[in-house]
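Participant: In the numbering used here, the protein residues as written are 360 to 508.
Where a beta carbon is used, it is the ideal one built from N, C-alpha and C, also for glycine.
It should be emphasised that the depicted structure is a prediction, and the values quoted were computed from it without experimental measurement.
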């Protein structure tokens, strides 16, 4: 069926001819891709606002000072270390690190340490060698505060 209004059809045809001559849809610019992989864009992530807290009570620290240092060692080799190297020997928690051991000794026995050396014994416990500062005598600390000499 032929269009009833010839004028509108003529206008459409002229507009289409102009668009083809101009090339409106042919010269679309493309984004230059520099990699072969396509990374999905980051989308908006809103912060959570839960209706109720999932954890009711905050967890305290797992190791306090009394749990870090278990007990002083008083074997012959430990006594030799105390007398000759100004070093105290302790059995400590396996999960504790040197910084925690140093802080625990400062808090519990009020001694400053120069260096802490640790090793894990064959029975699975951790042994810590605490070398004290030269102004403090390890034998005196062992006798008064540890009561092992």
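Can the beta-carbon of residue 486 be found closer than 8 angstroms to that of residue 450?
Facilitator: Going by C-beta atoms, residue 486 is nearer than 8 angstroms to residue 450.
Participant: So who's on the other strand from residue 458, going by DSSP bridges?
Facilitator: The partner list for residue 458 (beta bridge, DSSP) is empty, contrary to what the question assumes.
Participant: Flag this pair as touching only if the segment 454-464 and the segment 417-426 have three or more C-beta atom pairs under 8 angstroms; answer yes or no.
Facilitator: At 8 angstroms Cβ cutoff, the stretches touch.
Participant: Within the same chain, show all residues whose beta-carbon is closer than 8 angstroms to that of residue 472, passing over the 5 residues directly before and after it, in chain order.
Facilitator: Within the same chain, residue 472 has close Cβ partners 461, 464, 465, 489, 490, 491 and 492.
Participant: Starting from the C-beta of residue 380, find all residues in its chain whose C-beta is less than 6 angstroms away, skip the five residues before and the five after it, and write them out in chain order.
Facilitator: Here the set comprises nothing.
Participant: Please report how far the alpha carbon of residue 458 lies from the alpha carbon of residue 476, in whole angstroms.
Facilitator: If I take the Cα positions, the gap works out to 11 angstroms.
Participant: Using the rule of at least 16 other Cβ atoms within 10 Å of the residue's Cβ for burial, across every protein chain shown, is residue 498 buried or exposed?
Facilitator: Exposed: under 16 other Cβ atoms inside 10 Å.
Participant: What is the DSSP secondary structure of residue 486, counted as helix, strand or coil?
Facilitator: It is a strand residue.
Participant: One question on the structure: do residue 420 and residue 448 come within less than 8 angstroms of each other, judged by their Cβ atoms?
Facilitator: No, Cβ-Cβ distance for residue 420 and residue 448 is not below 8 angstroms.
Participant: Would you mind sorting residue 396 into buried or exposed? The rule is 16 or more other CB atoms within 10 Å of its CB.
Facilitator: Exposed, by the Cβ-count rule.
Participant: When the distance is taken between beta carbons, is residue 501 closer than 8 angstroms to residue 441?
Facilitator: It is a contact, given that the beta carbons lie within the stated cut-off.
Participant: Please say whether residue 484 and residue 508 have beta carbons closer to each other than 8 angstroms?
Facilitator: No, these two residues do not count as a Cβ contact at 8 angstroms.
Participant: On the criterion of 16 or more Cβ atoms from any shown chain inside 10 Å, does residue 446 qualify as buried, or is it exposed?
Facilitator: Result: buried.
Participant: Could you tell me how far apart the beta carbons of residue 422 and residue 455 are, in whole angstroms, since I believe they sit closer than 8 angstroms?
Facilitator: That belief holds up - the Cβ atoms of residue 422 and residue 455 are roughly 6 angstroms apart, short of 8 angstroms.
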